[in-house]
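Per the numbering used here, residue 526 is the first one in the sequence shown, and the count goes up by one each step.
Glycine included, every Cβ here is placed at the ideal spot set by N, Cα and C.
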Amino acid sequence: MTSQSWRALRIKKYQFSLRLFLFLNLTSSLFSMLSPVYHVAAITLPLALITLTSSGLLLGHWAWTEKKINLPVISVLFGCLWAWHVAIKSPLMHQPQFNYLVIALLSVLFVGAIAFSNNIIAFTFHSLPVLITCLVLGDGDQWLRMVYCFALPVIGIAIQSVIQKRNDNFAQGLMYKLLEERQTLTDLSMLDPLTGLYNRRGLQNRLETLMTLDTSDHYVLLLDIDHFKAYNDHYGHMMGDQALIQVSAAIRNAVRSRDIVTRFGGEEFMVLLTSATAEGAIQTAERIRQRVYDLKIPHMFNHSVATNVTVSIGLAPLVDEDIETALSLADKALYEAKHLGRNNILTSAALEDA
Numbered sequence: 526m527t528s529q530s531w532r533a534l535r536i537k538k539y540q541f542s543l544r545l546f547l548f549l550n551l552t553s554s555l556f557s558m559l560s561p562v563y564h565v566a567a568i569t570l571p572l573a574l575i576t577l578t579s580s581g582l583l584l585g586h587w588a589w590t591e592k593k594i595n596l597p598v599i600s601v602l603f604g605c606l607w608a609w610h611v612a613i614k615s616p617l618m619h620q621p622q623f624n625y626l627v628i629a630l631l632s633v634l635f636v637g638a639i640a641f642s643n644n645i646i647a648f649t650f651h652s653l654p655v656l657i658t659c660l661v662l663g664d665g666d667q668w669l670r671m672v673y674c675f676a677l678p679v680i681g682i683a684i685q686s687v688i689q690k691r692n693d694n695f696a697q698g699l700m701y702k703l704l705e706e707r708q709t710l711t712d713l714s715m716l717d718p719l720t721g722l723y724n725r726r727g728l729q730n731r732l733e734t735l736m737t738l739d740t741s742d743h744y745v746l747l748l749d750i751d752h753f754k755a756y757n758d759h760y761g762h763m764m765g766d767q768a769l770i771q772v773s774a775a776i777r778n779a780v781r782s783r784d785i786v787t788r789f790g791g792e793e794f795m796v797l798l799t800s801a802t803a804e805g806a807i808q809t810a811e812r813i814r815q816r817v818y819d820l821k822i823p824h825m826f827n828h829s830v831a832t833n834v835t836v837s838i839g840l841a842p843l844v845d846e847d848i849e850t851a852l853s854l855a856d857k858a859l860y861e862a863k864h865l866g867r868n869n870i871l872t873s874a875a876l877e878d879a
């Protein structure tokens, strides 16, 4: 889950709280009209406004979900309307007013606790106007009970908010850590574990980016370590791995940081020279060949001939982003360079001229 997805999830939770709040207010207002407390029918103006406003906002929010409604403003608006309704209906009660006031307060607290279980501000804004109205209309000796009825859910929601925030922070931190690890694994999957160079998957990834951003001339160099099978047979695979590591480092150090170096096969490497000229590509190929030769890695590829590890290089231009054709031409040039005695460089253009 990305940070954008996390933000979208929070927006969905916000929208759900708003819709639930509007639905509960609509239900409560309709219930008050159809089944009045103590059979005292009083369809007051604020009750009608609650019904119309909640239904209108609910339908409007379903139709225009991208429109954000300020939840604290809506909660205090409905809180004031309910307080107004209580103030009008309370004097009409034949039973002791305290009973009605407690029922009205608990009803508002119930709606707020369900809709705003994770939003202490919206819950307080919705409930406080009704609490103040009930305290003003009620007997002084009942204030403590009313405040207790209000304080209990406030404390519960506050504790729930703290726990939820800690859980969200933990989940978000875990998400970011997983994203970092996934990126690390993705990077590792594009690298050759022995040499640290790009593998074919990494090459493909870099090529896609390069072709999108850079349309200048590029050249492909295909390199192969001469007589490497004989080197492995004579010195062993552990020494062969050490030779590969040294050769790959020499290649990497001989090119620019923007060039792409790939381990293309067992002892085969590919270099993509970006934004290069034909002359510059040949000079780079010669620099690579010389750097590898200067490593002075002893190589006895038969019982009578001893020399150093060398590379042969085939070079071809990358035309019209056709990497397959460029590789094919470079491979043919590489094959001919080996045929000419190895430790050689041959361009596809020279091969065609021949």
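Pair within 8 Å by beta-carbon distance, residue i and residue j
i, j, result
"His864", "Tyr756", "no"
"Leu477", "Thr799", "Missing from the structure shown is residue 477; the chain here goes from 526 to 879 and no further."
"Gly604", "Ser554", "no"
"Thr787", "Leu722", "yes"
"Leu719", "Ile776", "no"
"Ile838", "Ala862", "yes"
"Val836", "Leu820", "no"
"Leu545", "Ile639", "yes"
"Leu840", "Ile870", "yes"
"Ser579", "Asn550", "yes"
"Gln689", "Asn643", "yes"
"Leu854", "Ser873", "yes"
"Gln848", "Leu716", "It should be pointed out that residue 848 corresponds to Ile in this sequence rather than to Gln. For Ile848 and Leu716, no; Cβs fall outside 8 Å."
Unbroken alpha helix (DSSP H) run spanning residue i, endpoints
i, result
"Asp856", "Ile848 to His864"
"Pro842", "First-last for Pro842: Val836 to Leu843, but that is the beta strand (DSSP E), not the alpha helix (DSSP H)."
"Met795", "It is not in any alpha helix (DSSP H) - Met795 instead sits in the beta strand (DSSP E) that spans Glu793 to Leu798."
"Thr809", "Ala803 to Tyr818"
"Thr649", "Ile645 to Leu662"
"Met764", "His762 to Ala779"
"Pro496", "Shown here, the chain extends from 526 to 879; a query on residue 496 therefore has no answer."
Boundaries of the beta strand (DSSP E) in which residue i is found, first to last residue
i, result
"Arg788", "Ile785 to Arg788"
"His752", "Note, His752: premise wrong, no beta strand (DSSP E); not H, not E."
"Leu871", "Ile870 to Thr872"
Local Cβ density within 10 Å of residue i, reported as buried at 16 or more and exposed below that
i, result
"Asn868", "buried"
"Tyr744", "buried"
"Ile599", "buried"
"Gly663", "buried"
"Ser615", "buried"
"Met763", "exposed"
"Ala768", "buried"
"Leu797", "buried"
"Ile684", "exposed"
Span separating the alpha-carbon of residue i from that of residue j
i, j, result
"Ile568", "Lys538", "33 Å"
"Ile785", "Phe794", "11 Å"
"Leu583", "Asn595", "14 Å"
"Tyr818", "Ala779", "12 Å"
"Tyr563", "Val679", "For Tyr563, the pLDDT reaches just 48, beneath the cut-off of 50, and the residue's location in the model is therefore unreliable, although a value from the coordinates is still provided. If you take the alpha carbons of Tyr563 and Val679, they lie about 28 Å apart."
"Ile750", "Thr737", "32 Å"
"Pro571", "Leu656", "17 Å"
"Phe648", "Leu602", "12 Å"
"Tyr860", "Gly791", "16 Å"
For this session: Answer yes if the segment 625 to 644 comes into contact with the segment 570 to 584, meaning at least three C-beta pairs across the two stretches below 8 Å, and no otherwise.
Result: no
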